[in-house]
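This note's numbering runs 3 ahead of the 1-based position in the sequence shown. Each residue gets a CB set at the ideal place from its N, CA and C atoms; glycine is no exception.
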Amino acid sequence: MEEIFDTVRFYIYYWDSQFIGFPIVIRIVSTLVILLAILYIVSLFRFIYLAYSLERKKKHFEQVKQKYTIKLKDILFSTLNTYPDAVKSELEIENVSFKKWEKVDITQLILSIKQEKKIEKINVNNYLAVIDALGLISFWEENLRDKSLEKNMQALRMLDSLGINIPGSILANKVQGLNSNLRKYAKSEHIRFASHDAFKFLEEDFDGDLNPLDEIRIHASLKERAKLKSLPLLIRWVNTAQNEAYKCFLIKEIGLFKQAGSASQLLELYQNTKSFRIKASIAETLGLLKYTQAVPILTLNYDSNPEFVQASIINAMGQFATPEALAFLEVIYNQTSDDELFIKIVRNIYLIDCRKETYLRLKDVTTNIFRKSVFANAEQTEIETNESIA
Numbered sequence: 004m005e006e007i008f009d010t011v012r013f014y015i016y017y018w019d020s021q022f023i024g025f026p027i028v029i030r031i032v033s034t035l036v037i038l039l040a041i042l043y044i045v046s047l048f049r050f051i052y053l054a055y056s057l058e059r060k061k062k063h064f065e066q067v068k069q070k071y072t073i074k075l076k077d078i079l080f081s082t083l084n085t086y087p088d089a090v091k092s093e094l095e096i097e098n099v100s101f102k103k104w105e106k107v108d109i110t111q112l113i114l115s116i117k118q119e120k121k122i123e124k125i126n127v128n129n130y131l132a133v134i135d136a137l138g139l140i141s142f143w144e145e146n147l148r149d150k151s152l153e154k155n156m157q158a159l160r161m162l163d164s165l166g167i168n169i170p171g172s173i174l175a176n177k178v179q180g181l182n183s184n185l186r187k188y189a190k191s192e193h194i195r196f197a198s199h200d201a202f203k204f205l206e207e208d209f210d211g212d213l214n215p216l217d218e219i220r221i222h223a224s225l226k227e228r229a230k231l232k233s234l235p236l237l238i239r240w241v242n243t244a245q246n247e248a249y250k251c252f253l254i255k256e257i258g259l260f261k262q263a264g265s266a267s268q269l270l271e272l273y274q275n276t277k278s279f280r281i282k283a284s285i286a287e288t289l290g291l292l293k294y295t296q297a298v299p300i301l302t303l304n305y306d307s308n309p310e311f312v313q314a315s316i317i318n319a320m321g322q323f324a325t326p327e328a329l330a331f332l333e334v335i336y337n338q339t340s341d342d343e344l345f346i347k348i349v350r351n352i353y354l355i356d357c358r359k360e361t362y363l364r365l366k367d368v369t370t371n372i373f374r375k376s377v378f379a380n381a382e383q384t385e386i387e388t389n390e391s392i393a
């Protein structure tokens, strides 16, 4: 190592000696030129290496694809059940020891086959037999135990996509990790797979730093959990959450999972909270829950709310679809000057006015060109929606 430093030091002194006597500006510029040239050469070599690596990976995947695609499809979509030993025989892998990259590529191939075949139904028994025969579970669990963050993230994604239950003992180590992304991913998987105290991490504001990707993962885990058993009322964690973004997320989840038992508590929170963001989330959720008792509360101080909260209240009225909601929309129709709110009002009036009496009356007295186009658009949107359903 000392020899390397001595060599570098020699060339630095040599380069410096070549410009002795030159103005300082020239010496600085020449040094920068050399540094940029070195950086360019290093970047070029890195680019070439990455291009080569990608091409090699692509070539490897094509080899695996050509070799196993047809056989895997025959097994996965067969109506006859098979077993791991039979799978090994059909794939001709009894005495084959796969390399790591081959197992990665085979996993990706299986997932791509699952995504391609939307009409045919996969034989679940054969699917599990294939995974067992190829040793994919143990392979990805081993990667999950590895100290490499990249391998951990890839293993979580693969096990998640394969639909494999991740052992709690492995997840327990990851939920305490230093990397926040891995830690939060592991916590969302804990919700999905844990056999005991699955929702314990919902009590911690879910790591305190929630982003859209975290929301997608948590929702997916809750959705899978709900298939097995009814979820506990999420209002419990809304009441204890300190992070505003996380609280809003849970409120929206209450609406998506139709937890009507939480509606009265949400309405109480709406009245007590000072956060407009939380108010907007509650209004949207109460609309999804069709909690019509909220109409007088939501309309009471409508004018004192910012526009994004007003937009949520308007959407909620469209969900309630009651005479009181329609009457309120007609009142604010005549008061609003904001174009975006006006569009929402007209669309929701059109949706909930069954006889279209109020809608047609308002349309007939409209003279503004823009507002006329809003009415036309509301009707066209309804036509397109009905056609898509048909």
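Close-in-space but distant-in-sequence residues of the same chain around residue i (CB under 7 Å, 5 per side omitted)
i	result
G264	L236
Y355	The sequence given here has Ile at residue 355, not Tyr. Closer than 7 Å at the Cβ level, and outside the excluded window around I355, lie G321, A324, A328, L329.
L79	I116, I125, N126, N129, Y130, V133
N246	D208, G211, L213
R280	E247, C251
H63	W104, D108
S168	Correcting the residue identity first, residue 168 is Asn in this sequence and not Ser. Within the same chain, N168 has close Cβ partners F196.
T34	none
L1	Nothing in the structure corresponds to residue 1, since the chain is present only between 4 and 393.
Y249	D208, F209, L213
R148	I173
Whether residue i touches residue j by CB criterion (8 Å)
i	j	result
L75	L112	yes
T295	I254	no
N84	N146	no
N347	I300	It is Lys, not Asn, that sits at residue 347 in the sequence shown. No.
L292	K261	yes
H193	F204	yes
V90	A136	yes
P170	E144	yes
L332	A297	no
Y71	L38	no
Sequence-distant residues of its chain with Cβ nearer than 6 Å to residue i (five each side left out)
i	result
A393	Note on A393: pLDDT 48, under 50, position unreliable in the model; the coordinate value appears next. Contacts found: none.
T369	K375
F142	K106
R220	S191
V36	none
A201	I194
Supposed close pair residue i, residue j - CB separation, criterion 8 Å
i	j	result
G290	A319	3 Å
D210	K190	7 Å
I257	L272	About 11 Å; that fails the 8 Å criterion.
R195	R228	6 Å
V349	F311	At roughly 18 Å, the Cβ-Cβ gap does not stay under 8 Å, so V349 and F311 are not in contact.
I352	T361	6 Å
L159	Y188	5 Å
L363	Y336	The Cβ separation is near 13 Å, so there is no contact.
Cβ-heavy atom distance, residue i to the ligand MN, below 7 Å
i	result
V312	Looking for the ligand MN in the displayed structure turns up nothing, as the structure carries no ligands at all.
Same chain, Cβ closer than 8 Å to residue i, five either side skipped, listed in chain order
i	result
E5	none
R186	K177, V178, Q179, G180, D210
N184	M156
K282	Y273, T276, N308, V312, S315
R358	none
V67	E105, D108, I109, L112
(message) For the structure I just gave you, are there three or more beta carbon pairs, one from the segment 148 to 156 and one from the segment 92 to 111, closer than 8 Å?
(response) no
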